[in-house]
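Undergrad: Going down the list, the sequences are from chains A and B. Going by this note's numbering, the first sequence opens with residue 51, and the numbers climb by one from there. Going by this note's numbering, the second sequence opens with residue 51, and the numbers climb by one from there. Just so it is clear, CB atoms sit at the ideal spot from N, CA and C, and this is done for glycine as well. Remember, predicted model here, so these are calculated numbers, not experimental data.
2 protein chains.
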Amino acid sequence: MRLALDAMGGDYAPANPVAGVVQALRQYPDFTVILVGDEAKVRAEVAKHDLSGVADRVSYHHASQVVEMGESGLESVRKKKDSSVSRAIDLIKEGKADAVVSAGHTGALVAAATIKLRTLSGIHRPGLAVVIPADPKGFLLIDAGANIDPAPEHIVGYSIMGSIYVREILGYKEPRVGLMSIGTEASKGNEFTKSCYELLEQAPINFAGNVEGHGLFKDPVEVVVCDGFVGNILLKTVEGLAKSLFQWIKKEIVKSPVRMLGAWLTKGAFQAIRKQTSTDEYGGSPLLGVNGVCIKAHGNSSPTAIKNAVRVAREFVAQRVNERIVEAIDTHHEKLAAQ
Amino acid sequence: MRLALDAMGGDYAPANPVAGVVQALRQYPDFTVILVGDEAKVRAEVAKHDLSGVADRVSYHHASQVVEMGESGLESVRKKKDSSVSRAIDLIKEGKADAVVSAGHTGALVAAATIKLRTLSGIHRPGLAVVIPADPKGFLLIDAGANIDPAPEHIVGYSIMGSIYVREILGYKEPRVGLMSIGTEASKGNEFTKSCYELLEQAPINFAGNVEGHGLFKDPVEVVVCDGFVGNILLKTVEGLAKSLFQWIKKEIVKSPVRMLGAWLTKGAFQAIRKQTSTDEYGGSPLLGVNGVCIKAHGNSSPTAIKNAVRVAREFVAQRVNERIVEAIDTHHEKLAAQ
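#1: Return the CA-CA distance between A184(A) and F267(A), expressed in angstroms with no decimal places.
#2: With a CB to CB cut of under 7 Å and the five nearest residues on each side skipped, what residues in its chain are close to S245(B)?
#3: Hey, would you say K129(A) sits closer than 8 Å to K143(A), going by beta carbons?
#4: By the 8 Å beta-carbon criterion, what residues does the segment 121 to 138 of chain B contribute toward chain A?
#5: List, in order along the chain, the chain E residues whose C-beta lies closer than 8 Å to that of M230(B)?
#6: Taking 8 Å as the CB-CB limit, is A292(A) close to chain B?
#7: When you compare only the Cα positions, how much space is there between L311(A) and G349(A)?
#8: When you compare the segment 266 to 286 of chain A with the segment 180 to 199 of chain A, are there three or more beta-carbon pairs, one atom per stretch, that lie closer than 8 Å?
#9: Would you report the Cα separation of D199(B) and F279(B), rounded to the nearest angstrom?
#10: Relative to the C-alpha of Q326(A), which residue among G318(B), E302(B), I323(B) is closest?
#11: Where in the segment 222 to 262 of chain B do unbroken runs of the beta strand (DSSP E), each at least 3 residues long, occur, reported from the N-terminal end onward?
#12: Does H264(B) come within less than 8 Å of chain A when only Cβ atoms are used?
#13: Less than 8 Å between the C-beta atoms of N256(A) and T234(A), yes or no?
#14: Taking only runs of the alpha helix (DSSP H) that begin and end inside the segment 58 to 135 of chain A, which ones reach a length of at least 4 residues, in chain order?
#15: Find out if the Cβ-Cβ distance for the pair G228(A), V271(A) is shorter than 8 Å.
#16: I'd like to confirm the pairing. Which residues does DSSP put opposite R52(B) in its beta bridges?
#17: Is T329(B) close to chain A? Criterion is C-beta to C-beta, closer than 8 Å.
#18: Rounded to the nearest angstrom, how far is the Cβ of V340(B) from that of A363(B), given a contact under 8 Å?
#19: From what residue to what residue does the alpha helix (DSSP H) around V360(B) run?
#20: Any contact of the segment 157 to 166 of chain A with the segment 114 to 126 of chain A, i.e. 3+ C-beta pairs under 8 Å?
#21: Have a look at the DSSP bridge pairing and note the partners of G190(A).
#22: Would you check if the distance between the CB atom of E365(A) and the CB atom of I219(A) is smaller than 8 Å?
#23: Grouping DSSP H, G and I as helix and E and B as strand, with all else coil, what is V376(B)?
#24: The beta strand (DSSP E) with K346(B) in it runs from where to where?
#25: Starting from the beta carbon of F279(B), find every residue of chain A whose beta carbon is closer than 9 Å, and list them in chain order.
#26: For W314(A), count the other beta carbons within 10 Å of its own beta carbon; 16 or more makes it buried, fewer makes it exposed. Which is it?
#27: Are the CB atoms of A196(A) and L178(A) within a distance shorter than 8 Å?
#28: May I ask you to list the residues that DSSP assigns as paired with T169(A)?
#29: Compare the beta carbon distance of N372(A) and L170(A) with 8 Å and say whether it is the shorter of the two.
#30: Tell whether a beta-carbon distance below 8 Å holds between P67(A) and D56(A).
#31: Using the three-state DSSP reduction, which class does V151(B) fall into: helix, strand or coil?
#32: Give me the Cα-Cα distance between M119(A) and D61(A), rounded to the nearest whole angstrom.
#33: Mind pulling the chain B residues with CB within less than 8 Å of E10(A)?
#34: Taking 8 Å as the threshold (beta carbon to beta carbon), is G154(A) in contact with chain B?
#35: Could you tell me whether any Cβ in chain B is nearer than 8 Å to the Cβ of G40(A)?
#36: Tell me where the alpha helix (DSSP H) around A322(A) begins and ends.
Rendered as structure tokens:
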């Protein structure tokens, strides 16, 4: 696989993208990487690492601009043609790379990928698919914010793409799809989800009906579909609450030496939970539905998170996820046409 | 205050509603209660308690039906005219009670209150207002699920009602209102929230712009407004995740005796957090905007939660919250008309 890495994307760029890809180069022998971004800065960062044995798998592609957090993702495609994320996508378009990993501006990645690569045949809008930790295993949330005002048909696309992704990449057999709503009965929901519900009943998936927040974290369905507005709120709320709960625990612990001793004795438990709930482990979130492999890593990605995003990109290419999505959508449309 | 208690509402009815109101009768000398529900069952439950000194403040109102969880709230008003929640609302309408507390079916309470009591002058739809724990103090989420497909104007009503409620009942000075969205910039959001944003800028509130999930649990704004679909998902997701995280911690702790010892030493910290995050302490959630005082307690309310819901009802009546809402809405409409 030939990876284009947005070396300037994310809160800790270029340090963490570079450190992460160096880890990945050592761990996975089967890919090469093009580091996209301000070449002087990226080379200076790379110089901090020992590249012996892997240096010949690294090349550079200069990009003079970076999309900043406050900017409009859509406008960035036009106004910052030489941004690291746009140039990384260009490399896919030009056939010089097989996949992009970026920890930068989500909207810019979504816009650049959608405009430059277009969507897969039969898919109208891409969706950002994020794994949310749960017990005993995480579920895939799609869409986590790529498509803010979708049509019900887009949700059907998400359900099919999500099912294929969790089967091929997460190894979930016969995945079920739940529709995010406010009650498990079919009659519960808003006008939008009620329309989605009817379409999902016809879709070539294991539709499990509505799911609600109480059911997300213990034995959840494998794929949860929703519009990008609800999905983004859900994702950020889950991240915010988990972070705050651990901070509250810490704040209470440090109030007494006895509690601090107790915390030290239980630290293995908390490490296990941190690992279980860490976004680092799941690596990147694929933008499903674009005609190319685009993996979004979290803005605050650690080197480990970047390494795992590279792993996801490798598996996505190797499992031919996009080809399988196109096949599934084709079959679905043929069936609908025959009805 | 004359309280009508839905004695048959909730997962543990009539036991917990009865036990909770007995606690409240002892703690607050300034109210009387009408226990609404199957009189034989309710009297049998009351007989388990010592009512000495408070018995003359308790009366009964028979209601032969209960709205079950799977039923449609709206249909229940027509089909189960003799349900405990409908009869409790009737008592307000007939001037025999000042407030209702129910831990039963939310939709049935919302429908019965809206149909029988109507909305306050100038308010088109009621909203369920729930306090969500945060650090250092909780925020009010409105609407948590009363109004699933609202118009932007309804959100303005929520912002005004929520501001008055947190000022009068929670003692928050100069409360700010945030609009639940997917980015703090004004340009972020879906079509619906963008319409809401414009109206909220004109509303007689301290509008703080958009808020997102990352900002909800540490120093949040005092009031967060959203449509009832998003609010209900948010509420249940927060409850579900908090519960699961504590279960995961417990599961890891019991894996070793050392960890169990450590947990015993830290248990004060966890008790403090449980108290901070417990819905019991905040008591009931008011249905703001109906022409009457209706407090929804959680379906799984403990006796303490019921007692605190009674406390909220008392304060709501004493602070004349509804009168203040009507005044604020009147002033707002006069200003708009004068523009």
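TA: Let me lay it out:
#1: Working through the first sequence from its first residue, we reach residue 184(A) at position 134. Working through the first sequence from its first residue, we reach residue 267(A) at position 217. Near 4 Å, if we compare the C-alpha coordinates of F267(A) and A184(A).
#2: In the second sequence, the residue the question calls residue 245(B) occupies position 195. Same-chain partners within the cutoff: P202.
#3: For the purposes of this step, residue 129(A) is taken as residue 79 along the first sequence, with counting starting at 1. For the purposes of this step, residue 143(A) is taken as residue 93 along the first sequence, with counting starting at 1. Going by C-beta atoms, K129(A) is not nearer than 8 Å to K143(A).
#4: S122
#5: This model lacks chain E altogether, as its protein chains are A and B.
#6: Taking the first residue of the first sequence as position 1, residue 292(A) is located at position 242. Yes, A292(A) lies at the interface with chain B (some Cβ there is under 8 Å from its Cβ).
#7: Locating residue 311(A) in the first sequence gives position 261, counting from the first residue. Locating residue 349(A) in the first sequence gives position 299, counting from the first residue. Roughly 34 Å separates the two Cα atoms.
#8: yes
#9: The residue you call residue 199(B) lines up with position 149 of the second sequence. The residue you call residue 279(B) lines up with position 229 of the second sequence. C-alpha separation (whole angstroms): 7 Å.
#10: Reading the first sequence from its first residue, position 276 is the one you call residue 326(A). It is E302(B).
#11: 226 to 230, 256 to 261
#12: Taking the second sequence and counting its residues from 1, the one referred to as residue 264(B) is at position 214. Chain A contact via Cβ: present.
#13: Taking the first sequence and counting its residues from 1, the one referred to as residue 256(A) is at position 206. Taking the first sequence and counting its residues from 1, the one referred to as residue 234(A) is at position 184. Their beta carbons are not under 8 Å apart, which means N256(A) does not touch T234(A) by this criterion.
#14: 65 to 77, 89 to 96, 123 to 129
#15: For the purposes of this step, residue 228(A) is taken as the residue at position 178 of the first sequence. For the purposes of this step, residue 271(A) is taken as the residue at position 221 of the first sequence. Yes, these two residues count as a Cβ contact at 8 Å.
#16: For the purposes of this step, residue 52(B) is identified with residue 2 of the second sequence, where counting begins at 1. DSSP, once it has assigned bridges, lists T82(B) as partnering R52(B).
#17: Taking the first residue of the second sequence as position 1, residue 329(B) is located at position 279. No, T329(B) lies away from the interface with chain A (no Cβ there is under 8 Å from its Cβ).
#18: Numbered from its first residue, the second sequence carries residue 340(B) at position 290. Numbered from its first residue, the second sequence carries residue 363(B) at position 313. Actually they do not touch by this definition, with Cβ atoms about 13 Å apart.
#19: Counting from 1 along the second sequence, the entry for residue 360(B) is found at position 310. Looking at the DSSP string, the run of the alpha helix (DSSP H) that includes V360(B) is 353 to 368.
#20: yes
#21: Position 140 of the first sequence, counting from 1, holds the residue named residue 190(A). Residue identity differs from the one stated: residue 190(A) is Leu in this sequence, not Gly. Answer is V181(A), V273(A).
#22: The residue labelled residue 365(A) in the question sits at position 315 within the first sequence. The residue labelled residue 219(A) in the question sits at position 169 within the first sequence. A contact, by the Cβ cut-off of 8 Å.
#23: Along the second sequence, read from residue 1 onward, the residue named residue 376(B) stands at position 326. In the structure shown, V376(B) sits in a helix (DSSP, three-state: H, G or I).
#24: Here the question's residue 346(B) lines up with position 296 in the second sequence. From DSSP, the beta strand (DSSP E) with K346(B) extends over 343 to 346.
#25: As a first step, residue 279(B) must be located in the second sequence, where it is residue number 229. Ordered by position in chain A, the residues that pass the 9 Å Cβ test against F279(B) are S231, I232, G239, N240, F242, T243, V280.
#26: The residue labelled residue 314(A) in the question sits at position 264 within the first sequence. With fewer than 16 Cβ atoms within 10 Å of its Cβ, W314(A) is classed as exposed.
#27: Mapped onto the first sequence, residue 178(A) falls at position 128. Mapped onto the first sequence, residue 196(A) falls at position 146. Result yes, Cβ atoms of L178(A) and A196(A) sit closer than 8 Å.
#28: The residue given as residue 169(A) occupies position 119 in the first sequence. Paired residues: V340(A).
#29: Residue numbering aside, residue 372(A) sits at position 322 when the first sequence is read from its first letter. Residue numbering aside, residue 170(A) sits at position 120 when the first sequence is read from its first letter. Cβ distance < 8 Å, so N372(A) and L170(A) count as in contact.
#30: As a position in the first sequence, residue 67(A) is number 17, starting the count at 1. As a position in the first sequence, residue 56(A) is number 6, starting the count at 1. Cβ atoms of P67(A) and D56(A): closer than 8 Å.
#31: Within the second sequence, residue 151(B) is the residue found at index 101, counting from 1. DSSP places V151(B) in strand when its eight states are reduced to three.
#32: Here residue 119(A) refers to the residue found at position 69 when the first sequence is read from its first residue. Here residue 61(A) refers to the residue found at position 11 when the first sequence is read from its first residue. Roughly 9 Å separates the two Cα atoms.
#33: Look at the range of chain A in this structure, 51 to 389, and you will see that residue 10(A) is not part of it.
#34: Within the first sequence, numbered from 1, the residue matching residue 154(A) stands at position 104. For G154(A), the answer is no, since every Cβ of chain B falls outside 8 Å of its Cβ.
#35: Examination of residue 40(A) is not possible in this model, given that chain A is present from 51 through 389 alone.
#36: For the purposes of this step, residue 322(A) is identified with residue 272 of the first sequence, where counting begins at 1. A322(A): member of the alpha helix (DSSP H) spanning 317 to 327, first to last residue.
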